[in-house]
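This note's numbering puts the first residue of the sequence shown at 1, with every later residue one more than the last.
Notes for the one structure printed next.
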Amino acid sequence: MLETKNYRFWFCTGSQDLYGDECLAKVAEHSAKIVEALNGSGHLPYEVVLKPTLITGGLIRETLNQANGDPECAGVITWMHTFSPAKSWILGLQEYRKPLLHLHTQFNREIPYDTIDMDFMNENQSAHGDREFGHVFSRLGMERKVVMGHWAEEGVQKRIGDWMRAAVGIVESSHIRVMRVADNMRNVAVTEGDKVEAQIKFGWEIDAYPVNEIAAAVEAVSKGDIEALVEEYYSRYEILTEGRDARAFREHVAVQAGIELGFEAFLKEKNYQAIVTHFGDLGSLKQLPGLAIQRLMEKGYGFGAEGDWKTAAMVRVMKLMTAGKAGAKGTSFMEDYTYNLVPGKEGILQAHMLEVCPSVADGPIAIKEQPLSMGQREDPARLVFTAKEGPAIAVSLVDLGHRFRLIINEVNCKKTEKPMPKLPVATAFWTPEPNLQTGAEAWILAGGAHHTAFSYDLTAEQMGDWAAHMGIEAVFIDKNTTIRQFRNELRWNDVAYGK
1 MLETKNYRFW FCTGSQDLYG DECLAKVAEH SAKIVEALNG SGHLPYEVVL
51 KPTLITGGLI RETLNQANGD PECAGVITWM HTFSPAKSWI LGLQEYRKPL
101 LHLHTQFNRE IPYDTIDMDF MNENQSAHGD REFGHVFSRL GMERKVVMGH
151 WAEEGVQKRI GDWMRAAVGI VESSHIRVMR VADNMRNVAV TEGDKVEAQI
201 KFGWEIDAYP VNEIAAAVEA VSKGDIEALV EEYYSRYEIL TEGRDARAFR
251 EHVAVQAGIE LGFEAFLKEK NYQAIVTHFG DLGSLKQLPG LAIQRLMEKG
301 YGFGAEGDWK TAAMVRVMKL MTAGKAGAKG TSFMEDYTYN LVPGKEGILQ
351 AHMLEVCPSV ADGPIAIKEQ PLSMGQREDP ARLVFTAKEG PAIAVSLVDL
401 GHRFRLIINE VNCKKTEKPM PKLPVATAFW TPEPNLQTGA EAWILAGGAH
451 HTAFSYDLTA EQMGDWAAHM GIEAVFIDKN TTIRQFRNEL RWNDVAYGK
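Written out as structure tokens, the structure is:
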């Protein structure tokens, strides 16, 4: 289900005609070589398309508006090869609405000491032209990404590629529709939020449906389709009956197969890309959706539990940002459950009642059935596994009543010291940066939720780029965080964003 457009990014070089046609010919030649090298580097997830050199205000305005109207253009990369008078860019930039990366580079890597003359200086003055361009962006108060360095350097190419993924998340955000099955869990604060403001800021549409309307879609699934999916389950996963009757076990698994097929059919029919459920309102559903939700997440749908539409949308955004990434380790909904406070072994055990995406699994994945007191339904089937090791990020979007805040914590995932044979859910275990004590204190000071959107495949910088373009506050908890600095940052942000 995780389908994205065949996005492309336009490369727009700025110049002017002060230095004549020969200079402009070299500008075009250099731009073409840079685009060719970027596309051939293997570090960019999307194609870069060269556009004609922009030398007049009219052409700049026309080109940027064409970018706005092209559904396959996810953003523009700009570079001022020579000196491009930035007043020429004002009208075009004011009308431009998509992400923009300002590549601050130059064609030559080194000063040609033996041959440099004024002709070379006039032609190759990105150090001049990019500052002029940067000034007008700041004057307009517009958000953009700035990447500095030589275009042939691997690090620069990788940063451009990372920004491209953030840009796709920004563009795709306006296409996200979240289906809420029932409401938020009663009396829970952090999963609430202003859905109108979320649509204004992020473009998200968040709609509610009576649970029995989607339950009817589940009941409409044919027995043949259910049995075919159960066969897939049994061929793909380990089956841990643990002494239960094999026939009854399979019947319970079939309930989740029907939920998966019914939910997905309903989501496709109504054009939703994320879903939230609530164990307190299951209507005629025989089980709390567990295995079914895990599988839908693996297909690319966003999910949030107990009515948490903000996390559902963020999971969807982050899955879109990681689409097609080679060697991806996974993205999922997560929840903080319990701590390990043994010195030297500190960490947070992450899980949920049922719903953790198998894309993050390390090793075998099994199906289990266990009683679940919440929901008061049949014992639900669920996928059980442990998550991969390695660095990752945990992200929480919270509504402070007058603004949104994105909290981004770098974490280190590891294996638990001992197995947990009696815990019948998928789990991850991580230590937040810079350590559990500081990380947890900072998270609480920032008002972070107990639900997170979690990914091995995105960086804090990428999520910060997403938040910056959306015009919302972002705070980072990483190896450099101290509580004194973090508290001051929150105070400064209250002033900057309006308390």
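Even for Gly, the Cβ is constructed at its ideal location relative to N, Cα and C.
In this structure, the beta-carbon distance from L267 to T4 does not fall below 8 Å.
In the structure shown, R403 adopts coil according to DSSP, grouped into three states. Straight-line spacing of the CA atoms in Q94 and G498 works out to 24 Å. With a contact defined as Cβ atoms closer than 8 Å, G149 and G155 qualify at about 7 Å. Cβ contact annotation for K325 (same chain, cutoff 8 Å, sequence separation greater than five): P45, R165, D457, in chain order. Along the length of the segment 416-486, whole beta strand (DSSP E) runs at least 3 residues long occupy 428-432, 451-455, 473-477, reported in chain order. When the alpha-carbon of V360 is set against those of W163, Y337, R295, R403, the nearest one is in R295.
Looking only at M121, N108, H104, the smallest Cα-Cα distance to F133 is reached by H104. No Cβ-Cβ contact shorter than 8 Å links P432 with I393. The shortest CA-to-CA distance from K329 to any of V384, W492, S455, F429 is the one to S455. By the C-beta criterion, the segment 329-348 is judged not to be in contact with the segment 367-383, since fewer than 3 inter-stretch pairs fall below 8 Å. The Cβ atoms of V255 and W309 do not sit closer than 8 Å to each other.
A distance below 8 Å between beta-carbons, with the five flanking residues on each side excluded, links E473 to the following residues of its chain, in chain order: R403, F404, R405, L406, A467, N493, A496, Y497.
If you draw a 10 Å sphere on the C-beta of D379, you find 16 or more other C-beta atoms in it, and that means buried. Checking the DSSP bridge columns, you'll see A387 partnered with A361.
D281 is bridged by DSSP to nothing; it lacks a bridge partner.
Residue range 331-340 is occupied by the beta strand (DSSP E) that includes Y339.
Around the CB of Y113, fewer than 16 other CB atoms lie within 10 Å, so the residue is classed as exposed. Cβ contact annotation for N68 (same chain, cutoff 8 Å, sequence separation greater than five): E95, Y96, R97, K98, in chain order. DSSP, read as helix, strand or coil, puts S173 in helix. Annotation: T481 to P434 spans about 6 Å, alpha carbon to alpha carbon. The Cβ atoms of M470 and F202 lie closer than 8 Å to each other.
With a 10 Å radius around the Cβ and a threshold of 16 neighbouring Cβ atoms, A426 comes out buried.
Distances from the alpha-carbon of I77 to those of T416, C23, W163, T338 put W163 closest. Excluding five sequence positions before and after L436, the CB atoms of its chain that fall closer than 6 Å to its own CB belong to E346, given in chain order. The segment 45-59 makes contact with the segment 9-26; the number of CB pairs closer than 8 Å reaches 3 or more. Our two residues, G439 and N409, have alpha carbons roughly 8 Å apart in a direct line. Between the alpha carbons of H30 and F107 lies a gap of roughly 6 Å. In the DSSP annotation of this structure, the continuous segment of the alpha helix (DSSP H) that includes K195 starts and ends at 195-202. The residues E205, I206, in chain order, have a CB closer than 8 Å to that of Q199 in the same chain once the five nearest residues on each side in sequence are set aside. Rounded to the nearest whole angstrom, the C-alpha separation of I111 and P391 is 39 Å. At a cut-off of 3 residues, the continuous stretches assigned as beta strand (DSSP E) that sit fully inside the segment 70-146 are 73-80, 100-104.
For G300, the closest alpha carbon among the candidates G290, V317, I365 is that of V317. In the displayed model, V218 falls within a helix according to three-state DSSP.
N271 and A152 have their C-alpha atoms roughly 42 Å apart.
Three or more beta-carbon pairs separated by less than 8 Å link the segment 82-93 to the segment 14-26, which places the two stretches in contact.
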